[in-house]
Amino acid sequence: MKKYQKKMFSMLLIISIMFTAFSSVAIASPDLNEQNIEVKFRQIIEMPEFDDDSSQLLKKIIEAGAVTGWYYNEPEQRFERLITYSDIQLTVENTNVELNNNGWGGVLTQTDKATKVTAYNPIIDKTYTQFISDGSTDTTVIFDLDISPMLSIDKESMKSLEKIESTLISPQASTTDPYWSDGEKGVYGYRLHCNRFNGYLGNGTYYSNDASSQALLNFFGSDCDWALASYSNCLADYGSNPHCAASPDTKQASCSTLIGHYNRFHMRTSYSG
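Numbering (the working numbering), first residue to last: 6 to 278.
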């Protein structure tokens, strides 16, 4: 009888331990739900100053920008567009998430709590972080990306121009020289740093240090604009290792090469990409 009681006690003890263990696991492991996350970047261009009589020019700029996805945010006085970069590295709560070509990725998360979403761009070595807590199974995360400097000072070229001017040689672009003077009119076949002023409705004129309304019109629909809509490479142009550069010549107008266009100056003859 005692032997039977000992056996029963042992069995009850084992069951109790197993129940406690399972309960602990259940408490320690929260409910996880599959969450689909879409990553978008909102590119922003702050509006240059306009004259009082430039309303027609603004309409023209809005028309040119719409082709590559830009819209005019009048209250904020800026242009915006939402784009997807498939080369972004996404991490959700320390879990690496693979994005498809449309910028979507799936991951198991606790949708009842704030979730940390981190996007890393290896091209420019920059990290973007956002917390989401809407509890939805399909969530879009939008990171702001100001690209206004694309229209302003061409730092890489200006440094090179300073060196050239110090030797008393007047900078002038040509089929062999990629350095342009401010206000220089584009000529087909001339070498250049970046095809960012060959937009269809623009005047094909290079502006090195003026974020003007005309520079914006030249940019919209340019090779650089089209490339920026699909590739993050051009975002590196103002860093230590630019994608487009006057030197070496293998980097000249690399934005044009990305979209299958001629990597020397040419005016775009239509809206098509």
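We put the beta carbon where it would ideally sit given N, CA and C, even for glycine. Note that this is a predicted model, so its numbers are computed, not measured.
Using the Cα positions of Gly207 and Thr134, report the straight-line distance between them to the nearest angstrom.
37 Å
Using alpha carbons as the reference points, say which of Asp151, Asp117, Glu51, Thr73 lies closest to Ala228.
The sequence given here places Asp at residue 228; Ala does not occur at that position. Of the candidates Asp151, Asp117, Glu51, Thr73, the one whose C-alpha sits nearest the C-alpha of Asp228 is Thr73.
**Message:** So that I know if they touch, is there some Cβ in chain C lying closer than 8 Å to that of Arg269?
**Reply:** Reference to chain C is not applicable here, since this structure consists of a single protein chain.
Do you know whose CA, among Glu43, Ala258, Lys131, lies nearest Thr145's CA?
-> Glu43
- Quick one, which of Gln40, Ile50, Gly265, Arg273 has its alpha-carbon nearest Met155's? Ile50
**Asked** When the distance is taken between beta carbons, is Leu240 closer than 8 Å to Phe128?
**Response** The question names Phe, but residue 128 is Ile in the sequence shown. It is a contact, given that the beta carbons lie within the stated cut-off.
* Of all the options Lys118, Pro53, Thr89, Gln40, which has the alpha carbon lying nearest to the alpha carbon of Gly359? -> Since the displayed the chain opens at 6 and closes at 278, residue 359 lies outside it and no answer follows.
* What whole-angstrom Cβ distance do Gly226 and Tyr205 have, given they're in contact under 8 Å? -> 5 Å
Express the C-alpha separation of Ser186 and Phe148 in angstroms, rounding to a whole number.
-> 35 Å
| query | Mapping DSSP to helix, strand and coil, what is Asp228? | reply | helix
Next on the checklist: Could you check whether the Cβ of Ile50 sits closer than 7 Å to any heavy atom belonging to the ligand COA?
Outcome noted: Ligands are entirely absent from the displayed structure, and the ligand COA is therefore not among its contents.
Among the candidates Phe224, Ser213, Asn200, Pro253, whose CA atom is the shortest distance from the CA of Trp75?
Phe224
*asked:* Measuring only the C-alpha atoms, how far is Ser261 from Gly194?
replied: 13 Å
Self-check item: Cα-Cα separation between Lys256 and Leu233, rounded to whole angstroms
Solution: 16 Å
Would you identify the three-state DSSP class for Gln257, choosing helix, strand or coil?
coil
- In chain order, what residues of the same chain lie with their CB nearer than 8 Å to the CB of Asn268, ignoring the 5 residues before and after it? Asn200, Gln257, Ala258, Ser259, Ser261, Thr262
Using 8 Å as the threshold, is the C-beta distance between Leu222 and Ala69 below it? yes
Practice problem: Return the chain-ordered list of same chain residues with a C-beta closer than 8 Å to the C-beta of Ile174, the five sequence neighbours on each side being excluded. | Solution: Since pLDDT at Ile174 reaches only 47, below the 50 mark, its modelled position is unreliable, and no value is offered.
Using CA atoms only, rank isn't needed, just tell me which of Met52, Val122, Thr89, Asn246 is closest to Glu81. Met52
> Using the rule of at least 16 other Cβ atoms within 10 Å of the residue's Cβ for burial, across every protein chain shown, is Asp300 buried or exposed?
Replying inline: What the structure shows of the chain is the stretch from 6 to 278, and residue 300 is not part of that stretch, so it cannot be assessed.
* To do: May I ask you to report which of helix, strand or coil DSSP gives Lys121?
  => strand
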